[in-house]
Amino acid sequence: IFSALERIIPEIEDIQRRRGVLHYVGEQALSGFSLVEANEFRQWVRGALSHYWGGPKLATSPLLSLHVVGRVARERDGDAMKGLRTVLKQAIERLRPDGQRQMTAPEWVLYNILELKFLQGRRVREIARRLAMSESDLYRKQRIAIEAVSQTLAEMEREELSNGNADSLPSQGGREEGTPV
Numbered sequence: 467i468f469s470a471l472e473r474i475i476p477e478i479e480d481i482q483r484r485r486g487v488l489h490y491v492g493e494q495a496l497s498g499f500s501l502v503e504a505n506e507f508r509q510w511v512r513g514a515l516s517h518y519w520g521g522p523k524l525a526t527s528p529l530l531s532l533h534v535v536g537r538v539a540r541e542r543d544g545d546a547m548k549g550l551r552t553v554l555k556q557a558i559e560r561l562r563p564d565g566q567r568q569m570t571a572p573e574w575v576l577y578n579i580l581e582l583k584f585l586q587g588r589r590v591r592e593i594a595r596r597l598a599m600s601e602s603d604l605y606r607k608q609r610i611a612i613e614a615v616s617q618t619l620a621e622m623e624r625e626e627l628s629n630g631n632a633d634s635l636p637s638q639g640g641r642e643e644g645t646p647v
């Protein structure tokens, strides 16, 4: 019983934080809760990356509500999915090491996995061969790479909020101004 409770306590805490927050389109949240603080943030990033070129996890991603995505979407003719793809690509590019790209150099592994798997859409077997590693090692390092993108995306959102670009929330798919989200 205790082990089952330990697994669901973080979810319960997340639900309680969310219940304490009312979001209104066009207004800031009434508390400091942020998407980047959600326990599911890494899974949302993984889902968005796995459907980078289109699919339900990109089209319905909670990441579309990030302020940084909203700003980039406005720069991209209001297309939220293009905005999210652009922000994900920027987060991956921030992880790119300096210097000339090397496929098997340790400092390049995370970037190469992200770029080959998600941006280019290559198959796992091909990526493992190009990076000279086993598929199981590739999957382990892919989890680390996704965590790095999640942290970078959270940092980008914090930068957006601290730069004062959070005056208006991103569009929530046609909801009217002042209606609860």
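Everything in the sequence shown is counted per this note's numbering, starting at 467 for the first residue and increasing by one. Heads up, the beta-carbon is just placed ideally off N, CA and C, and yes, glycines get one too.
Sequence-distant residues of the same chain with beta carbon closer than 6 Å to residue i, five excluded per side
i	result
residue 577	561, 562
residue 588	582
residue 538	549, 552, 553
residue 630	none
Buried versus exposed, by CB contacts within 10 Å (16 or more), residue i
i	result
residue 622	buried
residue 568	exposed
residue 506	exposed
residue 645	Below a pLDDT of 50, predicted positions are generally treated as unreliable, and residue 645, at 35, falls in that range; no measurement from the model is reported.
residue 608	buried
residue 551	buried
residue 616	buried
residue 422	Outside the shown range of the chain, which is 467 to 647, sits residue 422, and nothing can be said about it.
residue 557	buried
residue 471	exposed
residue 592	exposed
Which of helix, strand or coil DSSP assigns to residue i
i	result
residue 603	helix
residue 592	helix
residue 568	coil
residue 517	coil
residue 586	coil
residue 467	coil
residue 536	helix
residue 503	helix
residue 563	coil
residue 526	coil
residue 557	helix
residue 630	coil
residue 549	helix
residue 614	helix
residue 619	helix
residue 542	coil
residue 580	helix
7 Å CB neighbourhood of residue i in its chain, flanking five on each side removed
i	result
residue 594	600, 601, 604
residue 555	585
residue 627	533
Nearest neighbour of residue i, chosen from the options [CA to CA]
i	options	result
residue 624	467, 535, 522, 469	535
residue 503	558, 597, 619	619
residue 546	518, 575, 630, 470	518
residue 575	474, 597, 523, 565	597
Beta-carbon proximity list for residue i, same chain, < 8 Å, skipping 5 on both sides
i	result
residue 477	505
residue 516	523, 584
| Counting Cβ pairs, one atom from each stretch, are 3 or more of them under 8 Å apart for the segment 580-588 and the segment 526-538? | no
| Three-pair Cβ contact test at 8 Å for the segment 503-517 versus the segment 610-621 | yes
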